[in-house]
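Trainee: Take the position in the sequence shown, starting the count at 1, then add 592; the result is the number in the numbering used here.
Where is the CB? At the ideal position from N, CA and C, for every residue including glycine.
The structure's right below; bear with me while I get my questions together.
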Amino acid sequence: MALRLGFDIDGVLADFRTAFRLAAEECFKREIDEAADPMPPSEIKRVWAHIARSSNWWMTLRPHEPQEIARLYSLSRAGHWEIFFITNRPASGGDAVQFQTQWWLEQQGFYLPSVLTCPGSRGDLANALRLDLVVDDQLVNCAEIVGASAAKAILMLRPDEHDEKLARTAVDRGIGVVSSLADTLPVLGRVHDLLSSRRGRLLRLSDWFFTKPHETLPDNPRTSRPLEQ
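Following this line, the structure appears as structure tokens:
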């Protein structure tokens, strides 16, 4: 069976923290010090209102590791992985959040992405999708995933947000911890190899006798059948 993976977007792939700070500076017409105390709820609410009025704001976020997103796509094609990108982004002006996120992922080299907007429990979603593993930057989401499904979870704590106590809490709950997407991809490769080795002798035997060569589309599938204008 194909490896089924879930990826959160903001904090894992997209640099939401910087984008939100820039939106706050635009909203309040002043510089925001990242090292300062967190903004009060009233100011955070104003920033979100500003984002809601901004056209296609989710398309403007910078990727943390653009090369690794493209590499994830290549690995998924080679390994026949099924990847679901999961987000609870609120609406901004312009196109739907799902479309903005799909467009953004394609700009990073991940073609034809499956994007799910999920305001509810990540654990319930992981269970419904029968995911093998989910990568998220929030411990509460990772805990929901391992508690409500058979999926494994990886918590991404980037170097500028690393919290040793949080990391230990995650590990104690059986949740893996990584600091980047580059660190995550080798883990996915090991999970892929592990699942492949456990497929069973009969299934391997049937593959031996009945598997035929498969033709696949090129790395960028749009080159073989571009969308009509």
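Taking the alpha helix (DSSP H) that Thr709 falls in, what are its first and last residues?
Mentor: Thr709 -> not in any alpha helix (DSSP H); beta strand (DSSP E) instead, spanning 706 to 709.
Trainee: Among Phe677, Asp764, Gln699, which residue has its Cα nearest to the Cα of Val604?
Mentor: Phe677
Trainee: Considering just the uninterrupted stretch of the alpha helix (DSSP H) at Gly739, what are its terminal residues?
Mentor: Where Gly739 is concerned, the enclosing alpha helix (DSSP H) starts and stops at 731 to 740.
Trainee: Please state whether the Cβ-Cβ distance between Trp650 and Val689 is less than 8 Å.
Mentor: yes
Trainee: How many angstroms separate the CA atom of Leu795 from the CA atom of Thr709?
Mentor: Reliability fails at Leu795, whose pLDDT of 41 lies under 50, so the model's placement of it is uncertain and the value that follows must be treated cautiously. One C-alpha to the other measures close to 35 Å.
Trainee: DSSP on Pro810, reduced to helix/strand/coil?
Mentor: coil
Trainee: Please tell me whether Ile746 and Val770 are closer than 8 Å, where the distance is taken between their beta carbons.
Mentor: yes
Trainee: If you draw a straight line from the alpha carbon of Asp775 to that of Gly781, how long is it in whole angstroms?
Mentor: 11 Å
Trainee: Closer than 6 Å by C-beta to Leu697: which residues in its own chain qualify, once you throw out the five before and the five after it? Chain order, please.
Mentor: Pro705
Trainee: Name, in chain order, the residues that DSSP records as bridge partners for Ser647.
Mentor: Gly685
Trainee: Do you know whose CA, among Asp687, Ala628, His642, Val727, lies nearest Leu597's CA?
Mentor: Checking every option, the nearest Cα to that of Leu597 belongs to Val727.
Trainee: If you follow the beta strand (DSSP E) that Gly598 is part of, which residue opens it and which one closes it?
Mentor: 596 to 600
Trainee: Counting Cβ pairs closer than 8 Å, one from the segment 607 to 621 and one from the segment 653 to 660, do we hit at least three?
Mentor: Contact holds between the segment 607 to 621 and the segment 653 to 660, because three or more Cβ pairs, one in each stretch, are under 8 Å apart.
Trainee: Let me know the secondary structure DSSP gives Thr652 once reduced to three states.
Mentor: coil
Trainee: Lys744 bridges to which residues according to DSSP?
Mentor: Leu725
Trainee: Cα-Cα, which of Ile643, Asp600, Asp602, Phe599 is closest to Ala616?
Mentor: Closest in alpha carbon position to Ala616, among Ile643, Asp600, Asp602, Phe599, is Ile643.
Trainee: Looking at C-alpha atoms only, which residue of His672, Asn733, Leu777, Ile601 is the closest neighbour of Ser548?
Mentor: Within the shown structure, residues of the chain are numbered from 593 to 821, placing residue 548 beyond reach of any answer.
Trainee: Once the 5 residues before and after Pro658 are set aside, which same chain residues still bring their CB inside 7 Å of it?
Mentor: Within the same chain, Pro658 has close Cβ partners Gln700.
Trainee: Please work out which residues of its chain come closer than 6 Å, Cβ to Cβ, to Leu717, disregarding the five sequence neighbours upstream and downstream, and give them in chain order.
Mentor: Cys710
Trainee: Please name the residue, chosen from Arg669, Ser647, Asp729, that lies closest to Phe691 on a Cα-to-Cα basis.
Mentor: For Phe691, the closest of Arg669, Ser647, Asp729 by C-alpha to C-alpha distance is Ser647.
Trainee: Go through its chain and collect everything with a Cβ distance to Gly845's Cβ below 6 Å, but skip five positions before and after it.
Mentor: No answer is possible for residue 845: the residues shown for the chain start at 593 and end at 821.
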